[in-house]
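Working notes, structure below.
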Amino acid sequence: MARRRVIESVDGNVLPMRNAILFRRKGRFWPDIFRPGRYMCILMFWGLMTLLFMMLLAKFALLNTLHDLKLDQSEFITARSVEISIRTNKLITEGDDIIISEFKKIPLLPKLTLPDIWTKPNTDLYYKCVQRSSKDIISGDPTNGYILVHSNGGLNQMKIGISDMVAIAKVMNATLVLPSLDHNSFWTDPSDFKDIFDWKHFVEYLEEDISVVDHLPPAYASIKPHQRAPVSYSKASYYSNQMSSLLKKHKVINFTHTDSRLANNGLPNPIQRLRCRAMYEALKFTDEILELADKLITRLRDDDKPFIALHLRYEKDMLAFTGCSHNLSKAEDEELRQLRRSVRHWKEKHIDGEERRRQGVCPMTPREVAVFLEAIGFPSDTKIYIVAGNIYGQDGVKALQDKYPNIYTHSNLATEDELSPFNNRQNKLAAVDYTVALESDVFVFTYDGNMAKAVQGHRKYEGFRKTIIPDKKNFVKLIDRMDKGLISWEEFSMKVKILHANRTGGAVLRKPGKVVKSEESFYANPYPGCICEK
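Numbering-wise, our numbering puts 277 at position 266 of the sequence shown, and it's gapless, one number per residue.
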């Protein structure tokens, strides 16, 4: 037998030369392979080669990704502008005491590309969800009694109040008598419910929710109604317990006030959905109102161009109520002061109007609106439909019309014959304006009153139609700085654009506030409650 070649290892073991790699001895593989020598060098060599190969793969993958993206400069700037806008609005939302110097941190971006001024927010993931379930349909149980409702305020305050009363009647298992409207407000409009709303549609649409009657039945007509003003912003339990007990006792209750009598949040989902069905579906205007509104909309769109509906709440009653008189004469300021003193239910009599303006709670002036729209980017040939009554002040809308000459109202769009049924009927005209505002391409409001709340909430309900929500507190600071020559028009315009880039009426959840009276209104934003995500 041929002599086998052997090798002696360092520990004295004898191994065949051909098996020196140690792969046939499992117990000795790992200890020996890491000993200094040529095997360690081989491992290091292949490890480095593997690492180099992985780096080359990563490099080619990164280059391929960058090549596919093809981000040009304008797209990069747009993305950056959205980031800045979110940061800006976060600062404003989280701290009401933000000072204008905060804006200096935002760079002035050249050739900024923002969404088209007429483009509505992307809301493909949302839908109306107000359908009633089978258990929400009214049962055959006897009614606990009848509710009489005296709606107070202007058209939209009454509309909101009536919607709440529908929900309250449901909670109390009560029968609702057709509401009466306020004839003693500033406008002294004699119109009643049937003059403004399609009352038959109202009754029929709600027949599976509550019982609605035209008047008290004979058996209850002689009962003296129990007069009651419900507690503001009450929860459902207040009505299901205290108010229901009173109704069972007296059989007929007259609610003397309807404004803000139900909480914005913390109510059962069926009740929130019912509020929306009442507000946006049941309270349909009469055919007379809708037909005139449709004619005005058709005339505004006769050249297939979009239009803005502007709620310019620069009216005498609102200026007197808020104490705002910026840019008005001393005589006009005094006239407003006298009106404020003469109205008993306006509690505040001595108001610092300039401080109010700095806090962003004054209606914007016609000149401020003109500057605002120009800064946002609306061209001077934009058609603007003013949703309001007579604009107060010697100059009226002149400052706005000098910049935007295509100013329209129901007065100059409709004929005298078309307007004749609406003479001295301000609530009916307000209903026409409401409908035009609802159907406009863009809605802009200058004061967060009842019409602004009602229209913007309805536009969200109908698919988040574009609504520009001015940040008046910071806008006032910006325009004052520009007027003093501290910033240029270019810088001013860019900052206004960035400030309002995501204030366009998109889907933002309504959140409860620390103070109930100052939290976001349910009717200004019915999400959540009546709008759901797909």
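From the three backbone atoms N, C-alpha and C, an ideal C-beta is built for every residue, glycine too.
Remember, predicted model here, so these are calculated numbers, not experimental data.
- At the C-beta level, L258 and G156 come within 9 Å of one another.
- A Cβ-Cβ distance of about 6 Å is found for the pair L294 and F213, placing them in contact under the 8 Å criterion.
- In the three-state reduction of the DSSP assignment, L301 falls in the helix class, which pools H, G and I.
- The beta-carbon distance between I319 and I395, rounded to whole angstroms, is 5 Å. This is short enough to meet the 8 Å contact definition.
- Contact annotation, V519 with I387: C-beta distance approximately 19 Å; criterion of less than 8 Å not satisfied.
- With a cutoff of 9 Å on beta-carbon distance, Q253 and N461 are scored as not near each other.
- Contact check for H469 and L440: beta-carbon distance about 18 Å, past the 8 Å limit, so the pair fails to qualify.
- When DSSP assignments are scanned along the region 383-441, the uninterrupted stretches of alpha helix (DSSP H) that are 4 or more residues long and fall wholly within it turn out to be 409-414, 421-424 and 427-430.
- For H212, the uninterrupted alpha helix (DSSP H) run begins and ends at W210 to Y216, by DSSP.
- By the neighbour-count definition (other C-beta atoms within 10 Å, threshold 16), S256 is an exposed residue.
- For T154 and F266, the gap between their C-alpha atoms comes out near 17 Å.
- Cβ-Cβ distances below 6 Å link F533 to N275 in the same chain, with the five nearest sequence neighbours on each side left out; the list follows chain order.
- When the Cα atoms are used, I498 and A342 turn out to be separated by approximately 33 Å.
- By the C-beta criterion, the region 397-417 is judged not to be in contact with the region 298-309, since fewer than 3 inter-stretch pairs fall below 8 Å.
- The Cβ-Cβ distance between V182 and L159 does not fall below 9 Å.
- With a threshold of 16 other beta carbon atoms within 10 Å, N435 falls short and is exposed.
- Cβ-Cβ separation between G516 and K477: approximately 6 Å, consistent with a contact (criterion under 8 Å).
- Taking every protein chain shown into account, the CB of S529 has fewer than 16 other CB atoms within 10 angstroms, so this residue is exposed.
- When DSSP states are grouped into helix, strand and coil, S222 belongs to the strand group.
- Put simply, the region 242-249 does not touch the region 212-231. Fewer than three CB pairs are less than 8 Å apart.
- Distances from the CA of P377 to each of S336, K146 and K360 were compared; the closest alpha carbon is that of S336.
- A check of alpha carbon separations from S162 across D147, Q142, A178 and P190 identifies P190 as the nearest.
- Buried is the label assigned to P236, since at least 16 other Cβ atoms lie within 10 Å of its Cβ.
- By alpha-carbon distance to N423, the top candidate from R310, T297, N195 and I128 is R310.
- As DSSP reads the structure, H322 sits in a beta bridge with F456.
- Contact between the region 168-177 and the region 134-151 is absent: fewer than 3 CB-CB pairs across the two stretches fall below 8 Å.
- Spatial neighbours of F208 in its own chain (CB-CB distance under 7 Å, excluding positions within 5 residues in sequence) are listed in chain order as L294, K295, F296 and T297.
- In the three-state reduction of the DSSP assignment, L187 falls in the strand class, which pools E and B.
- Residue pairing for F475: DSSP places it in no beta bridge.
- For R286, the CB contacts under 6 Å within the same chain, skipping 5 residues up- and downstream, are S174 and A178 in chain order.
- When the alpha-carbon of D127 is set against those of A410, K146 and N513, the nearest one is in N513.
- Listed in chain order, the beta strand (DSSP E) runs fully inside the region 233-259 are 237-239, counting runs of at least 3 residues.
- The Cβ-Cβ distance between Y472 and I542 falls below 9 Å.
- CA-CA distance, E366 to D344, rounds to 15 Å.
- Contact check for Y291 against E544 fails: the beta carbons are separated by 9 Å or more.
- Looking at the backbone, the Cα of L330 and that of L347 are separated by about 7 Å.
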